[in-house]
Amino acid sequence: MLVTFSAPYVYGGTTGKIVGVVTDKATGDGLPGVNIVVEGTTLGAATDEKGNYFIINVPAGEYSITVTMIGYKTVTAEKFNVIADFTSELNVNMEMSAIEGEVIV
């Protein structure tokens, strides 16, 4: 009986989940289509129409998370901890930036 009840503890998970909302710093509105990348892995996500995102099966550990969108400054969260079997929350406010382009005649 002891083996039956202790089995789930032996086979505990090794991955976690990252969730959050990406918003415009000036308006507070959610930003759709923002790219979130877990550096050093092939994991990432894009936000939905309300700015929400989630990334599952992230191995437990410490990561840098990069958030990018055209027209906004890139945001990097360094030393972000992911804990096995838990959901870690990372909400980001993005600030607009001017895009300078070449004049075409």
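All residue numbers for the sequence shown refer to numbering that gives the first Met the number 0, where the first residue is 0 and numbers rise by one. C-beta atoms are modelled at their ideal positions from N, C-alpha and C, and glycine is treated no differently.
Near residue i, what residues of its chain come up, given a Cβ to Cβ distance below 7 Å and the 5 sequence neighbours on each side ignored?
i: L42; result: I54 and V57
i: D23; result: L30 and M93
i: E48; result: P31
i: T65; result: V36, E38, T73 and T75
i: Y71; result: M93, E94, M95 and S96
Could you name the residues of the same chain whose beta carbon sits closer than 8 Å to that of residue i, not counting the 5 residues immediately before and after it, in chain order?
i: A59; result: T13, T14, G15, V81, I82 and A83
i: F85; result: G15 and K16
i: T40; result: V57, P58 and Y62
i: M11; result: It is worth fixing the name first, because residue 11 is Gly in this sequence and not Met. Cβ neighbours of G11 beyond the five flanking positions: A83 and D84.
Are residue i and residue j close, meaning C-beta to C-beta below 9 Å?
i: A76; j: S96; result: no
i: A25; j: I35; result: no
Write down the C-beta distance between residue i and residue j rounded to the nearest angstrom, noting that I regard them as a contact closer than 8 Å.
i: G20; j: N51; result: A small correction: the amino acid at residue 20 is Val; Gly does not occupy that position in the sequence shown. Right, their Cβ atoms sit about 5 Å apart.
i: T46; j: G32; result: 6 Å
i: V18; j: E88; result: 6 Å
Under 6 Å Cβ to Cβ from residue i, same chain only, skipping five residues before and after it: list those, please.
i: T73; result: T67
i: K78; result: E61
Name the two residues that bound the continuous beta strand (DSSP E) containing residue i.
i: M93; result: V91 to M93
Can a CB atom of chain B be found closer than 9 Å to the CB of residue i?
i: Y52; result: Here there is only one protein chain, and chain B is not present.
>> At 3 residues or longer, what runs of the beta strand (DSSP E) sit wholly inside the segment 4–47?
In response: 14–23, 34–37 and 43–45
> Of all the beta strand (DSSP E) runs that stay within the bounds of the segment 54–81, which reach a length of 3 or more residues?
Replying inline: 60–67 and 74–81
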